[in-house]
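**Q**
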Amino acid sequence: MTTQLFGKEDIQQAGEILRKGGLVAIPTETVYGLAANALDPQAVKKIFAAKGRPADNPLIAHIHDFAQLAGLVKQVPEAAKQLAKAFWPGPLTMILEKADIVPLETTGGQETVAVRFPAHPLAQAVIQAAGTPLAAPSANSSGKPSPTSFSHVVEDLSGKIDAILDGGDCPVGLESTVISLTGKTPRVLRPGGITVEALRQVLGQVDVDPAVEKGLALGAKASSPGMKYRHYAPGCPLEILDASPEEFSGYVNQKAKEMPGIAALCFRETIPHLQVPFFCYGGRYDSQEQAKLLFSALHQIDRLGAARVYAQQPARAGMGLAVYNRLIRAAGFQKVCLPGPTVVGLIGPSGAGKSTVAAELAKLGCHVVDCDQLTRRSDVYDSGCIAQLCQAFGDSVAPNGILNRRELAARAFSSPEGKQLLEKITFPPILRQIRQELEGKTGVVLLDAPTLFEAGLDSICRRILAVSAPEPERLARILKRDSLSQAQVLQRFRAQYPEEFYTCRADWIITNAPGQNITAQVKTVMAELQAGGRV
Ligand code: TXA
Ligand code: MG
Numbered sequence: 003m004t005t006q007l008f009g010k011e012d013i014q015q016a017g018e019i020l021r022k023g024g025l026v027a028i029p030t031e032t033v034y035g036l037a038a039n040a041l042d043p044q045a046v047k048k049i050f051a052a053k054g055r056p057a058d059n060p061l062i063a064h065i066h067d068f069a070q071l072a073g074l075v076k077q078v079p080e081a082a083k084q085l086a087k088a089f090w091p092g093p094l095t096m097i098l099e100k101a102d103i104v105p106l107e108t109t110g111g112q113e114t115v116a117v118r119f120p121a122h123p124l125a126q127a128v129i130q131a132a133g134t135p136l137a138a139p140s141a142n143s144s145g146k147p148s149p150t151s152f153s154h155v156v157e158d159l160s161g162k163i164d165a166i167l168d169g170g171d172c173p174v175g176l177e178s179t180v181i182s183l184t185g186k187t188p189r190v191l192r193p194g195g196i197t198v199e200a201l202r203q204v205l206g207q208v209d210v211d212p213a214v215e216k217g218l219a220l221g222a223k224a225s226s227p228g229m230k231y232r233h234y235a236p237g238c239p240l241e242i243l244d245a246s247p248e249e250f251s252g253y254v255n256q257k258a259k260e261m262p263g264i265a266a267l268c269f270r271e272t273i274p275h276l277q278v279p280f281f282c283y284g285g286r287y288d289s290q291e292q293a294k295l296l297f298s299a300l301h302q303i304d305r306l307g308a309a310r311v312y313a314q315q316p317a318r319a320g321m322g323l324a325v326y327n328r329l330i331r332a333a334g335f336q337k338v339c340l341p342g343p344t345v346v347g348l349i350g351p352s353g354a355g356k357s358t359v360a361a362e363l364a365k366l367g368c369h370v371v372d373c374d375q376l377t378r379r380s381d382v383y384d385s386g387c388i389a390q391l392c393q394a395f396g397d398s399v400a401p402n403g404i405l406n407r408r409e410l411a412a413r414a415f416s417s418p419e420g421k422q423l424l425e426k427i428t429f430p431p432i433l434r435q436i437r438q439e440l441e442g443k444t445g446v447v448l449l450d451a452p453t454l455f456e457a458g459l460d461s462i463c464r465r466i467l468a469v470s471a472p473e474p475e476r477l478a479r480i481l482k483r484d485s486l487s488q489a490q491v492l493q494r495f496r497a498q499y500p501e502e503f504y505t506c507r508a509d510w511i512i513t514n515a516p517g518q519n520i521t522a523q524v525k526t527v528m529a530e531l532q533a534g535g536r537v
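Residue numbers (the working numbering): 3 to 537.
1) Roughly how many whole angstroms lie between the Cα atoms of V180 and G194?
2) Buried or exposed: which applies to P56, given that a residue is buried once 16 or more other Cβ atoms fall within 10 Å of its Cβ?
3) Take L191 as the anchor and find which of S153, K216, D168, G170 has the nearest alpha-carbon.
4) Counting only the same chain and skipping the five closest in sequence on each side, list residues whose C-beta sits under 6 Å from that of S144.
5) What three-state label does DSSP hand I65 in the structure shown?
6) Where do the ends of the beta strand (DSSP E) carrying M96 lie?
7) Which of the three DSSP states, helix, strand or coil, is assigned to N39?
8) Using beta carbons (cut-off 8 Å, strictly below), is G217 in contact with chain C?
9) The ligand MG heavy atoms versus the CB of S148: any closer than 7 Å?
10) Tell me where the beta strand (DSSP E) around A333 begins and ends.
11) Alpha carbons only, please: which of E456, R189, V104, F297 is nearest the one belonging to I432?
12) Can you give the Cα-Cα distance for V537 and G263, rounded to whole angstroms?
13) With DSSP run on the structure shown, which of helix, strand or coil describes C238?
14) Give me the Cα-Cα distance between L20 and L531, rounded to the nearest whole angstrom.
15) Can you determine whether any heavy atom of the ligand TXA sits closer than 7 Å to the C-beta of I196, and answer yes or no?
16) Count the other CB atoms, across all protein chains shown, that sit within 10 Å of the CB of Y283; report buried if there are 16 or more and exposed otherwise.
17) Compare the C-alpha of P474 against each of N514, Q438, E157 and name the closest.
18) Applying the criterion that 16 or more other CB atoms from any shown protein chain within 10 Å of the CB defines a buried residue, is K259 buried or exposed?
19) Determine which residues share a DSSP beta bridge with F8 and list them.
20) Decide if G111 is buried, meaning its Cβ has at least 16 other Cβ atoms within 10 Å, or exposed.
21) Could you tell me if the beta carbon of E177 falls within a distance shorter than 7 Å of some heavy atom in the ligand MG?
22) By a C-beta neighbour count over all protein chains shown, 10 Å radius and 16 as the cutoff for buried, is Y383 buried or exposed?
23) Closer than 7 Å to a non-hydrogen atom of the ligand MG - does that hold for the CB of S225?
24) Would you mind sorting P93 into buried or exposed? The rule is 16 or more other CB atoms within 10 Å of its CB.
25) Run the proximity test for S298: is its beta-carbon closer than 7 Å to any non-hydrogen atom belonging to the ligand TXA?
26) Anyone know if the C-beta pair for L183 and L240 falls short of 8 Å?
27) Pick from K48, R407, A51, D58: whose alpha carbon is nearest that of M229?
28) Would you kindly check if the distance between the Cβ of F395 and the Cβ of R413 is under 8 Å?
29) In the DSSP assignment, the beta strand (DSSP E) including D288 goes from what residue to what residue?
30) Assign L486 to buried or exposed, taking buried as 16 or more other Cβ atoms, counted over all protein chains shown, within 10 Å of its Cβ.
31) Tell me whether H1 sits in a helix, a strand or coil according to DSSP, three-state version.
32) Is the separation between the beta-carbon of S1 and that of R189 shorter than 8 Å?
33) Would you report the Cα separation of C368 and S461, rounded to the nearest angstrom?
34) Run through the DSSP bridge pairs and tell me what W510 is partnered with.
35) Given the structure, does H64 come close to the ligand TXA, in the sense that its CB is under 7 Å from one of the ligand's heavy atoms?
36) For the beta strand (DSSP E) containing V345, list its first residue and its last residue.
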């Protein structure tokens with residue numbers, strides 16, 4: 003079969019092929035989909051054949067108007083209306099009781115049907131031109147990474163389908179979130195473009211199927227047949243390393259000395275530290291970007307080849323959960339936790355209550371390294387460092403070689419340049435001291451460092467824990483604690499990063515607002531750290 007390559011001027015032709023029972027790959031905002039008439043069993047069977055997809059793995063029916071939903075399902079529950087209002091058109095798929103009109107071929111033999119209203123204008127135009135809902139799984143051979151660009155589909159499915167419509171790169175890059183509304187509590191079966199946190203804001207309680215992070219337990223029944231199958235795998239072994247960025251590059255560089263063909267699937271920040279070929283999948287703290295780039299990076303691994311790839315583990319908050327879900331499947335659930343303590347960086351704006359959280363964690367057996375206290379120790383700065391300080395800020399900061407911290411602070415903090423210079427001189431010995439402190443430690447170590455990012459200390463952290471509290475609450479706490487005026491505190495706040503800077507970098511966020519139970523939140527974090535969740 004010759005596969006026609008379509009542009010946006012060919013929408014009507016695409017619609018015609020679909021009406022006649024053919025297959026057309028179409029762009030959506032998540033990934034490319036392989037579309038057929040969802041109500042035509044013969045057309046749908048062709049999808050399974052072209053993809054080599056097991057017949058019991060159901061397809062998503064795509065619509066171009068909310069009103070179409072009612073025709074595909076027994077009834078539209080209130081929760082579905084709320085979700086549609088909040089997230090449609092968009093990367094959310096809802097599972098509901100199917101109407102008789104939907105053939106069992108489409109639903110893999112189930113009495114439920116998955117429905118999505120995609121946001122991509124070309125996808126909407128094709129569905130409209132076809133005049134019928136379109137069944138569309140990701141447009142890739144079963145088991146392979148999903149396609150996020152036109153060329154991915156052309157490489158994989160040319161000769162097997164009628165046409166491929168070029169819509170450029172997919173902006174989200176990972177498939178839609180699949181939520182089942184058929185049980186008592188809404189349940190996420192596959193995390194995706196809409197985060198669990200966002201779903202909870204609309205629905206309140208939302209469960210996450212345990213198979214999302216861990217795969218199916220032996221002998222367990224899959225809530226979604228897609229959970230059973232090998233997925234997204236590149237052609238070579240891929241293993242996730244549970245490690246800090248520094249541990250990751252150290253381990254991978256060492257492995258490369260022992261065997262040829264080692265490559266890294268890593269975050270951008272790690273690239274300068276690697277001595278091996280790498281595939282980058284975004285910034286460490288940008289899970290949207292990771293989502294957008296992951297499948298492309300997996301395709302690239304296939305194109306360029308490697309004997310074995312080690313992947314850096316993403317944080318699992320927000321969109322990160324979807325990234326992790328795809329990566330752990332691509333790795334066939336192969337994950338290695340490097341030896342050494344799990345170092346957790348503690349961050350948050352002043353007054354959020356970092357010390358309170360640290361104290362609670364300490365009670366649960368976590369070792370706390372208080373970096374502020376550590377920098378006040380007399381042995382932290384050696385004579386070389388003190389000489390550098392004198393050269394930068396004048397001999398008065400260390401008369402007779404003995405550091406006068408008050409004088410140093412007065413001089414260094416008088417200008418932003420002074421502060422920068424101070425940090426440049428003092429961060430290396432502080433880091434040395436922290437490393438000493440970590441030596442021989444096991445279990446969970448909390449790094450309470452007010453300048454975690456500025457000092458580059460996040461590169462030795464495997465996880466980040468943020469503490470957050472509303473600004474008025476933080477203001478009240480500081481006024482009570484320090485002898486500062488309200489104006490001074492507010493000025494201090496303005497000089498700091500905004501709260502989102504911290505929360506978007508965190509694996510967990512502890513909310514320390516009135517009425518919130520800190521102890522319970524800390525316990526959850528510690529339990530997850532110890533059990534391997536978000537670990
Ligand atoms: O973003 C997306 O959802 C993309 C684009 C093309 O829309 N489509 C997509 O389809 O990812 P697919 O077939 O690759 O994944 C559909 C997932 C599978 O894991 C399948 O098992 C699950 O949804 N699913 C579909 N219908 C279901 C049902 N009735 N019950 C449980 N799971 C279902
Ligand atoms: Mg798929």
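From the three backbone atoms N, C-alpha and C, an ideal C-beta is built for every residue, glycine too.
The model shown is predicted, which means the values in this text are computed figures rather than measured ones.
**A** Working from what's here:
1) Translated into positions along the sequence shown, residue 180 becomes position 178. Translated into positions along the sequence shown, residue 194 becomes position 192. One C-alpha to the other measures close to 7 Å.
2) Taking the sequence shown and counting its residues from 1, the one referred to as residue 56 is at position 54. Result: exposed.
3) Reading the sequence shown from its first residue, position 189 is the one you call residue 191. It is K216.
4) For the purposes of this step, residue 144 is identified with residue 142 of the sequence shown, where counting begins at 1. Contacts found: K53, G54, R55.
5) Looking up residue 65 in the sequence shown gives position 63. Correct three-state label for I65: coil.
6) Start at 1 with the first residue of the sequence shown, and residue 96 comes out as number 94. Unbroken beta strand (DSSP E) run through M96: 94-99.
7) Residue numbering aside, residue 39 sits at position 37 when the sequence shown is read from its first letter. The answer is strand: DSSP assigns N39 an E or B state.
8) Among the chains of the structure shown, chain C does not appear; only one protein chain is present.
9) What you label residue 148 is simply residue 146 of the sequence shown in a count that begins at 1. Indeed, a heavy atom of the ligand MG lies less than 7 Å from the Cβ.
10) Translated into positions along the sequence shown, residue 333 becomes position 331. Element bounds for A333: n/a, residue is neither H nor E.
11) Translated into positions along the sequence shown, residue 432 becomes position 430. Per the Cα distances, E456.
12) One-based indexing of the sequence shown puts residue 537 at position 535. One-based indexing of the sequence shown puts residue 263 at position 261. Interpretation of V537 is limited by its pLDDT of 42, a score under 50 that renders its predicted location unreliable; the figure taken from the coordinates is listed afterwards. Near 28 Å, if we compare the C-alpha coordinates of G263 and V537.
13) Here residue 238 is taken as the residue at index 236 of the sequence shown, counted from 1. C238: coil per DSSP, three-state reduction.
14) Counting from one through the sequence shown, the residue named residue 20 turns up at place 18. Counting from one through the sequence shown, the residue named residue 531 turns up at place 529. Approximately 49 Å between the Cα atoms of the pair.
15) Against the sequence shown, residue 196 aligns to sequence position 194. Flag unset: Cβ of I196 not near the ligand TXA.
16) On the sequence shown, position 281 is the one that residue 283 refers to. Per the 10 Å Cβ criterion, buried.
17) Your numbering for residue 474 matches position 472 in the sequence shown. Nearest of N514, Q438, E157 to P474, Cα basis: N514.
18) Residue mapping note: residue 259 aligns to position 257 of the sequence shown, counting from 1. Counting Cβ neighbours within 10 Å, K259 comes out exposed, since fewer than 16 surround it.
19) The residue you call residue 8 lines up with position 6 of the sequence shown. Its beta-bridge partners are L167.
20) Numbered from 1 along the sequence shown, position 109 holds the residue referred to as residue 111. Answer is exposed; the Cβ neighbour count stays below 16.
21) Your numbering for residue 177 matches position 175 in the sequence shown. Yes, since a heavy atom of the ligand MG falls inside the 7 Å radius drawn around the Cβ of E177.
22) Translated into positions along the sequence shown, residue 383 becomes position 381. Y383 comes out buried.
23) Residue 225 sits at position 223 when you count from the first residue of the sequence shown. False, no ligand heavy atom lies under 7 Å from that Cβ.
24) Locating residue 93 in the sequence shown gives position 91, counting from the first residue. Looking at its Cβ environment, which holds 16 or more other Cβ atoms inside 10 Å, P93 is buried.
25) As a working mapping, residue 298 is identified with position 296 in the sequence shown. The answer is no for S298.
26) What you label residue 183 is simply residue 181 of the sequence shown in a count that begins at 1. What you label residue 240 is simply residue 238 of the sequence shown in a count that begins at 1. Contact flag unset, no.
27) Here residue 229 refers to the residue found at position 227 when the sequence shown is read from its first residue. Of K48, R407, A51, D58, the residue nearest in Cα terms is D58.
28) If you number the sequence shown from 1, residue 413 lands on position 411. If you number the sequence shown from 1, residue 395 lands on position 393. Contact: yes.
29) Locating residue 288 in the sequence shown gives position 286, counting from the first residue. Neither: D288 is in no beta strand (DSSP E) and is coded neither H nor E.
30) Numbered from its first residue, the sequence shown carries residue 486 at position 484. That one is exposed.
31) The first residue shown for the chain is 3 and the last is 537, placing residue 1 beyond what the model contains.
32) Not covered by the structure: residue 1. The range shown for the chain is 3 to 537.
33) Here residue 368 corresponds to residue number 366 of the sequence shown, with the count starting at 1. Here residue 461 corresponds to residue number 459 of the sequence shown, with the count starting at 1. Each residue's alpha carbon lies about 20 Å from the other.
34) Numbered from its first residue, the sequence shown carries residue 510 at position 508. The partner list for W510 (beta bridge, DSSP) reads L467.
35) Indexing the sequence shown from 1 puts residue 64 at position 62. Yes, the Cβ of H64 comes within 7 Å of a heavy atom of the ligand TXA.
36) Here residue 345 refers to the residue found at position 343 of the sequence shown. Taken as a continuous stretch (DSSP letters only), the beta strand (DSSP E) holding V345 covers 344-349.
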